[in-house]
Amino acid sequence: MKARIHVSLKPGVLDPQGKAILGALESMGFDGVQDARQGKLIELDLDDDTDADTARARVDDMCRRLLANTVIEKYTIDLEG
Amino acid sequence: MKARIHVSLKPGVLDPQGKAILGALESMGFDGVQDARQGKLIELDLDDDTDADTARARVDDMCRRLLANTVIEKYTIDLEG
Amino acid sequence: MSDAKITPEIVAEHGLNAEEYARVLEIMGREPNITELGIFSVMWSEHCSYKSSKKWLKTLPTTAPWVIHGPGENAGVVDIGDGLTAVFKMESHNHPSFIEPYQGAATGVGGILRDVFTMGARPVANLNALRFGAPDHPKTRHLISGVVSGIGGYGNCVGVPTVGGEVNFHPGYNGNILVNAMTVGIAPADRIFTSQARGVGNPVVYVGSKTGRDGIHGATMASAEFSADSEEKRPTVQVGDPFTEKLLIEACLELMDTDAIVAIQDMGAAGLTSSSFEMASKGGLGVDLALDTVPMREAGMTPYELMLSESQERMLMVLQPGKEHVARAIFEKWHLDFAVIGRLTDTGRMVLTWHGETVADLPIDPLAEAAPEYDRPWEPTPAPAPLDPATVPVVPWTEALTRLMGSPDLASRRWIWEQYDHMVMGDTVQRPGGDAAVVRIHGTDRGLAATTDCTPRYVGADPVMGGRQAVAEAWRNLTATGARPLAVTDNLNFGNPEKPRIMGQVVGACQGIAEACRALDFPVVSGNVSLYNETEGQAIPPTPTIGGVGVIDDLDRMATVAVPAEGEAILVIGGGPADGWLGQSLYLREIAGREEGAPPPVDLAVERRTGDLVRGLIQAGRVTACHDVSDGGLLVAVAEMALAGSIGATLSVDTTPAALFGEDQGRYVVTLPEAEAASLLADLGGTARRIGVTGGDALVIGADSVALATVRTAHDGWLPGIMSSTPGRS
Amino acid sequence: MKAAVIVFPGSNCDRDVAVTLRDVTGQDPRMHWHADPDLPEDLDLIVLPGGFSHGDYLRCGAMAAQAPVIAAVRRQAQRGVAMLGICNGFQVLCETGLLPGALMRNRDLTYICKDVHLKVVTTDTIFTSRYDPARVVRIPIAHHDGNYVADLPTQCMLEDEDRVAVRYCDAAGRVVDEANPNGSTANIAGVLSENHRILGLMPHPERLADPRLGGTDGRALFTSLLEALS
Ligand SMILES: Nc1ncnc2c1ncn2[C@@H]1O[C@H](COP(=O)(O)OP(=O)(O)O)[C@@H](O)[C@H]1O
Ligand SMILES: [Mg+2]
């Protein structure tokens, strides 16, 4: 089973990387981009024998304890396969 | 329209971050994780009036020129809305 | 895979010519399999075999009473007193950095660090000599930003300060930048490690990161001329993991404190192949390796891939029998892979097995001895037409100075070195920005000074003189801090040596380097050669970079470039009233847009006399600041001292371009209290002349002046200015 | 004064701070490996040093905050043992929650190593008592992720409880945006815990505590600690 975890900054937290991307795109002549944000995508390969609910609970635990800093970040979890 | 771009290392390219995440999860007692990889997720807000094909072509251009380092990274583009 | 038929195409792809392949067949007595062919190919590549340069490298002086290990080891080792040694080397990562600037530069730093700590030294300083194309070339800014963040990204993380280097810009590097990285380490004199394998039956141990498919054929790539289709070779880029390197440094140094290690060798270019070959060959032994026991990152790897992979952060060691557990415990503590992958044998052969089956069997000595060595045809570089002084335009000195100080080759590099942690380890006594960086020898009041230097425009015009000048400037930069220059490492960057004109540059530069090293007692103890630096037939300017290291016995007697106080006398030591060499000067290039003439001559006897004199003055505490005169000439040197100290100067000198901006060699500017100037001048006789006095916030000559603030804006503003425009990846 | 320096894999200013501690206190600190959960109970000071623990991968300090020793660090924090987190150590303290807020990528996205000017906001702490509040101090920074962020309530709390220890300022002591090297909220360079016994700061006081290195403005932090803790 695969878990895809998307970690991104909470709304309201200034995103220097996103801002730099936006600025760079503009100066490269790409107009029509209104906003850019950069987050992380962490992919985990999990043992296949875990059921989806247990897996989700464990990945959620991983996120809270390590993968995301909930002071500034939020996360979503997708399970596949 | 929103574009979600997932930039990740090409297969076979060393992913030190993924490796470190795997090690950290293990030492925290999370077993059953076989592999971990870290990539970027870039979200762009595009002007609404562009059609999907044009938007995809432009985002693809942005990826090749700025958002991904195609020497070692690959990317996928999802358009929404 | 080992059954693949060896076709002429496959041989050619491995970079071996027909003659070389015939020698392979002779040595093997049969057709090699693909793994064996791969091994020959990397061992005989230019990068590993130095086949074009060996003949000339042998002409460099490599000994002195203080040299403990000269070229031939992973790094040079010189005695610095108190039972300690300085261990250092420079290495290029040019091609990888052009393809992927961040990772190319980062792994370049990683590689040179390993060369140094392999010998038992703790790395204490990193330097980097960089050459980029024209500032306005579409790729340049992307390359600068990638290379600088790559060097910082790696060096900062491993916690070794990056304290110095140099940067030049020239359109000749548009398609082929140079990234030369240097590391200086300190090791106890009685505990130097080498790669010479000893002891039949001793275990061969692999430590560090796992092996992946990184950079397979990297070594061959570094030896092949670039072409537009090099994009194809992109997957050969390796990714560095500085965190693992940091752990590897600590683990290796910890193990080195025990008596477990017999020999150790980092896996650099050509990875497992060259490391195991070199160790066995130096010990006159054979080696059996069970390749299936190598820690692997990916499934399905073949013996060929394992032998050719250039995965980073790996080391090979021979251990004392029975010490495996000691080593294993240390590497496991540091979370590094550890595996016994083979044994030393007395067969003189390298035998590789894969799950018990032999997949390669080659003789070691014949392969090493038969490595091709070429006496490539060469043509001396024709002497350039002398510059006609009457054709040199004269612009007001105030304008010329401001333009020069803000020109690509003279502008401040602060934007670069502020991205490097240049203070970690708590011993950086002279930060970047001076003549040489100085790091304190930990726990003492002594210091090591280090610098890198080369003036490619001089080498291009006259390789012999340019080679001399590069060594002389490194020696001068060390001297200007008060250091006693000890030895150099060199990084010879040139185009395609199969062209007699290019080979002539190699030969000429080696001759000049050898002359200068001999005259200055400044031997070459390590180095690296990077050839085939060409794009579409266009060679880079010849760039034999010299890295110099010296020792300061008392840090209280050290000089810096900053003007320390108002009202001090300013003296020039060396040179004379007839100074004014404008051939190949930056004045000519930046103001007149011309690169012409012969470079300034370097008189090595005078160089040595002047330098020894200046060093004596610094050590005697008779001068308060010192800076050598190099690019840009006398007024630029004074301006640099003024900016560093934020104190201006009033000079009484000729204001001709020749007098102010001539690049005559062997000169130093010093300051000292006014009251002591007369007696010093009397002592020095004709070798010194007084040119002015410090003070104020401008540079003044006669009725004209330019505010320091104006000079500073030009000097500090240029690099951030170009880098703040579009960061595109292009 | 009994001090321990916690060494994480990838710490690289552990030796630097140990040298300064020895120099100022005359005593060698204990170098404590992160994997050892048993921290001595009689410590006066715990230092989390600078560097790149775990390579700064994922997030700076995130993995170190999960180290076996951290449980003991938390217990001692509760008992009021003094703690100093420098640079990466500050990041670790934020990741453990022992200090509020978080440290993000610098505003300009580049690593910065240079001397900065600082205003010591409160001298009423064990870390800063020896500083003259009227004097601007010069101390180096060296980081990629020193951009301090905290939400508004946290900011207000920090101000109300006098928990901002140092701010970036210009040479004249003005706390202005041009003097903010990394985009930190309100130019915050260092913050204190609620009981004022834990300090995390991005600048490296141990790097300018020896005249040979070009300045000694960092030294007073260690002499303050020595005075308060011995
Ligand atoms: N790439 C670099 N990395 C670090 N420091 C650098 C780099 N390039 C230049 N510097 C520093 O900038 C200063 C000026 O360099 P340079 O003009 O080459 O000096 P010099 O003319 O004395 O050889 C030196 O202190 C040098 O170490
Ligand atoms: Mg110089």
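Residue numbers (full-length UniProt numbering), protein chains in the order written: chain Z, 1 to 81; chain W, 1 to 81; chain X, 1 to 730; chain C, 1 to 230. The beta-carbon is built from N, C-alpha and C at its ideal position, and this holds for glycine as well.
Assigned secondary structure, Gly692 of chain X (DSSP; H/G/I helix, E/B strand, else coil): The count along the third sequence starts at 1 and reaches residue 692 of chain X at position 692. It is a strand residue.
Using DSSP's beta-bridge definition, name the partner residues of Leu41 of chain W. The residue given as residue 41 of chain W occupies position 41 in the second sequence. DSSP output for Leu41 of chain W lists Z:Gly39, W:His6 as bridge partner(s).
Out of X:Ile99, X:Pro101, X:Leu127, X:Tyr102, which has the shortest C-alpha to C-alpha gap to Ile112 of chain X? Within the third sequence, the letter at position 112 stands for residue 112 of chain X. Per the Cα distances, X:Leu127.
If you run the structure through DSSP and keep just helix, strand and coil, what is Met641 of chain X? Your numbering for residue 641 of chain X matches position 641 in the third sequence. Helix.
Run through chain Z and tell me which residues come within less than 9 Å of Asn147 of chain C, C-beta to C-beta. Walking along the fourth sequence from the start, residue 147 of chain C turns up at place 147. Under the 9 Å cutoff, chain Z gives Leu14, Pro16.
Express the C-alpha separation of His143 of chain C and residue 231 of chain C in angstroms, rounding to a whole number. Summary: the structure shown does not reach residue 231 of chain C, with chain C confined to residues 1 through 230, and so no result is reported for it.
Rounded C-alpha distance that separates residue 300 of chain C from Gly190 of chain C: Here chain C has residues from 1 to 230 only, and residue 300 of chain C is not among them.
Based on DSSP bridge pairs, tell me the residues matched to Thr162 of chain X. Numbered from 1 along the third sequence, position 162 holds the residue referred to as residue 162 of chain X. For Thr162 of chain X, which the question treats as bridged, DSSP gives the partners X:Asn126.
Drop a sphere of 10 angstroms on the beta-carbon of Pro123 of chain X, count the other beta-carbons inside from all chains shown, and report buried for 16 or more, exposed for fewer. Translated into the one-based positions of the third sequence, residue 123 of chain X becomes position 123. It is buried - the Cβ of Pro123 of chain X has at least 16 other Cβ atoms within 10 Å.
Based on DSSP bridge pairs, tell me the residues matched to Val166 of chain C. By 1-based counting over the fourth sequence, the position of residue 166 of chain C is 166. In the DSSP output, where bridge partners are listed per residue, Val166 of chain C has C:Val120, C:Gly190.
Reducing DSSP to helix, strand and coil, say where Asn496 of chain X ends up. Sequence index remark: in the third sequence, residue 496 of chain X carries index 496 (1-based). DSSP places Asn496 of chain X in coil when its eight states are reduced to three.
DSSP has Leu448 of chain X in a bridge; who is on the other side? Start at 1 with the first residue of the third sequence, and residue 448 of chain X comes out as number 448. DSSP, once it has assigned bridges, lists X:Val439, X:Val551 as partnering Leu448 of chain X.
Using the Cα positions of Gly39 of chain W and Gly695 of chain X, report the straight-line distance between them to the nearest angstrom. Against the second sequence, residue 39 of chain W aligns to sequence position 39. Against the third sequence, residue 695 of chain X aligns to sequence position 695. Roughly 56 Å separates the two Cα atoms.
Buried or exposed: which applies to Cys517 of chain X, given that a residue is buried once 16 or more other Cβ atoms fall within 10 Å of its Cβ? Taking the first residue of the third sequence as 1, we reach residue 517 of chain X at position 517. The residue is buried, with at least 16 neighbouring Cβ atoms inside 10 Å.
In three-state DSSP terms, what is Ala219 of chain X? Here residue 219 of chain X corresponds to residue number 219 of the third sequence, with the count starting at 1. In this predicted model, Ala219 of chain X has a pLDDT of only 43, less than 50, meaning its place in the structure is not dependable enough to derive any value.
Tell me the start and end of each unbroken alpha helix (DSSP H) in the region 582-645 of chain X that is at least 4 residues and wholly inside, in chain order. 586-592, 604-619, 633-645
So, under 8 Å CB-CB, Val711 of chain X and Thr402 of chain X are touching, yes? Tell me the CB distance rounded to an integer number of Å. The count along the third sequence starts at 1 and reaches residue 711 of chain X at position 711. The count along the third sequence starts at 1 and reaches residue 402 of chain X at position 402. Sure, about 6 Å apart at Cβ, within 8 Å.
What would DSSP say about Val81 of chain C, mapped onto helix, strand or coil? By one-based count along the fourth sequence, residue 81 of chain C stands at place 81. If DSSP states are grouped into helix, strand and coil, Val81 of chain C belongs with coil.
Within the continuous alpha helix (DSSP H) that includes Thr25 of chain C, where are the two ends? Within the fourth sequence, residue 25 of chain C is the residue found at index 25, counting from 1. From DSSP, the alpha helix (DSSP H) with Thr25 of chain C extends over 14-25.
Between the C-alpha atoms of Leu410 of chain X and Leu152 of chain C, what's the straight-line distance to the nearest angstrom? The residue given as residue 410 of chain X occupies position 410 in the third sequence. The residue given as residue 152 of chain C occupies position 152 in the fourth sequence. One C-alpha to the other measures close to 46 Å.
So with Cβ pairs under 7 Å, would you call Val7 of chain Z a contact of chain C? Translated into the one-based positions of the first sequence, residue 7 of chain Z becomes position 7. So, not an interface residue.
For Glu338 of chain X, would you say it is in contact with chain C, using Cβ-to-Cβ distances shorter than 7 Å as the test? Indexing the third sequence from 1 puts residue 338 of chain X at position 338. Sequence inspection shows Phe at residue 338 of chain X; the Glu mentioned does not correspond to that position. It does not; no Cβ of chain C falls within 7 Å.
Short of 8 Å Cβ to Cβ, which residues in the region 35-63 of chain W face chain X? none
Residue-level contact to chain C via CB, Asp421 of chain X, 7 Å cutoff: Residue mapping note: residue 421 of chain X aligns to position 421 of the third sequence, counting from 1. Judged by the 7 Å Cβ criterion, Asp421 of chain X is in contact with chain C.
Which full runs of the alpha helix (DSSP H) of 4+ residues lie inside the UniProt domain "PurM-like N-terminal" (72-187) of chain X, going along the chain? 94-99, 101-117, 140-158
Buried or exposed: where does Thr7 of chain X fall if 16 or more other Cβ atoms within 10 Å of its Cβ makes it buried? For the purposes of this step, residue 7 of chain X is taken as residue 7 along the third sequence, with counting starting at 1. With fewer than 16 other Cβ atoms within 10 Å, it is exposed.
For Ala35 of chain C and chain Z, any beta-carbon pair shorter than 7 Å? Counting from one through the fourth sequence, the residue named residue 35 of chain C turns up at place 35. With 7 Å as the cut-off, Ala35 of chain C does not count as an interface residue toward chain Z.
Length at least 3, wholly inside the region 30-113 of chain C: the beta strand (DSSP E) runs in chain order: 30-33, 45-48, 82-86, 102-104
Out of curiosity, what's the CA-to-CA distance linking Tyr304 of chain X and Asp48 of chain Z? Against the third sequence, residue 304 of chain X aligns to sequence position 304. Against the first sequence, residue 48 of chain Z aligns to sequence position 48. Near 33 Å, if we compare the C-alpha coordinates of Asp48 of chain Z and Tyr304 of chain X.
Proximal chain X residues relative to Arg212 of chain C, where beta-carbon distance stays under 7 Å: Within the fourth sequence, the letter at position 212 stands for residue 212 of chain C. In chain order: Val429, Arg440, Leu555.
Going along the chain, which residues of its own chain have a beta-carbon closer than 6 Å to the beta-carbon of Asp453 of chain X, five neighbours each way excluded? In the third sequence, the residue the question calls residue 453 of chain X occupies position 453. Cβ neighbours of Asp453 of chain X beyond the five flanking positions: Ala470, Glu473, Ala474, Ile546.
Are the beta-carbon atoms of Ala290 of chain X and Thr353 of chain X separated by less than 7 Å? For the purposes of this step, residue 290 of chain X is taken as the residue at position 290 of the third sequence. For the purposes of this step, residue 353 of chain X is taken as the residue at position 353 of the third sequence. Result yes, Cβ atoms of Ala290 of chain X and Thr353 of chain X sit closer than 7 Å.
His325 of chain X, enclosing alpha helix (DSSP H) - first and last residue: As a first step, residue 325 of chain X must be located in the third sequence, where it is residue number 325. Residues 324-333.
In chain order, each alpha helix (DSSP H) run of at least 4 residues that lies wholly inside the region 329-400 of chain X: 364-369
Could you give the distance in angstroms between the alpha-carbon of Val614 of chain X and the alpha-carbon of Asp214 of chain X? For the purposes of this step, residue 614 of chain X is taken as the residue at position 614 of the third sequence. For the purposes of this step, residue 214 of chain X is taken as the residue at position 214 of the third sequence. Val614 of chain X and Asp214 of chain X: Cα-Cα distance of roughly 50 Å.
I'd like to check one pair, Val47 of chain C with Leu84 of chain C: are the Cβ atoms closer than 7 Å? Looking up residue 84 of chain C in the fourth sequence gives position 84. Looking up residue 47 of chain C in the fourth sequence gives position 47. Cβ atoms of Leu84 of chain C and Val47 of chain C: closer than 7 Å.
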